[in-house]
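The block underneath contains the structure these notes are about, expressed in structure tokens.
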Amino acid sequence: MRLTKPAALAATALVSWCVLAPVASAQPAPGPTPAPAPAPAPAPEESPSPEGAAEAEGPKTTIEDGGTYGVGTDILPGVWQSAGPIEGGACYWKRTAGEKLVDNALTKKPAFVQIMPTDTSFTTSDCQTWQLTNAPMPPPPSPASLLGELTKAIGSGMFSGGPPP
306 MRLTKPAALA
316 ATALVSWCVL
326 APVASAQPAP
336 GPTPAPAPAP
346 APAPEESPSP
356 EGAAEAEGPK
366 TTIEDGGTYG
376 VGTDILPGVW
386 QSAGPIEGGA
396 CYWKRTAGEK
406 LVDNALTKKP
416 AFVQIMPTDT
426 SFTTSDCQTW
436 QLTNAPMPPP
446 PSPASLLGEL
456 TKAIGSGMFS
466 GGPPP
């Protein structure tokens with residue numbers, strides 16, 4: 306079966322539209338870099354704590370379990386990365402500022418998210434351990450790489466007029 310010329314043109318137009326249409330991305334646009342945090346004040350001298358007393362912990366730099374974490378209280382803002390979903394799952398995360406959803410994603414690939422100091426919470430589920438990193442955010446995929454993935458998914462036969470008779 307050969308594709309007719311109108312069908313081939315329609316398929317090409319559809320692929321072109323998909324590539325040129327705005328692409329939703331979980332990667333936030335790079336914003337202004339935040340000013341460096343002021344150096345912490347020297348800690349006051351502490352008397353020895355009673356045996357068995359829990360030490361006060363600061364914000365985490367790793368997230369091992371799914372849940373909702375307060376930014377600045379439970380976790381630090383910055384660039385976080387995960388190796389992707391747990392086996393058989395899809396990694397979901399979201400950032401919120403108050404009641405407003407700032408950004409979210411559902412992926413089966415390694416995940417990166419930049420949590421801003423203005424965010425109030427970060428929620429994650431079915432992801433491997435998240436680690437705070439000082440690496441920059443990776444660049445978003447280019448339209449050419451998206452077209453390459455789309456071509457693999459559809460098959461390259463549509464560009465050559467279909468399979469041979």
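Each residue of the sequence shown is one higher than the last, beginning at 306 in this note's numbering. Glycine residues also receive a C-beta, built at the ideal position from the N, C-alpha and C atoms.
- Contiguous beta strand (DSSP E) elements confined to the region 407-440 occur at 416-420, 426-430, 435-438, taking only those with 3 or more residues.
- Here Thr428 has Thr373, Lys399 as same chain residues with Cβ atoms under 6 Å from its own Cβ, once five neighbours each way along the sequence are excluded.
- Nearest neighbour of Gly377 by Cα position, chosen from Asp370, Pro445, Met421, Asn409, turns out to be Met421.
- In the displayed model, Ser450 falls within a helix according to three-state DSSP.
- According to the DSSP assignment, Ala402 belongs to the beta strand (DSSP E) that extends over 396-402.
- Boundaries of the beta strand (DSSP E) harbouring Gly372: 372-375, taken from the DSSP string.
- Counting the other CB atoms within 10 Å of its CB gives Ile459 a total below 16, which places it among the exposed residues.
- Here Pro382 is buried: its Cβ has 16 or more other Cβ atoms, across all protein chains shown, within 10 Å.
- Take the alpha-carbon of Pro390 and the one of Ser430: they are about 9 Å apart.
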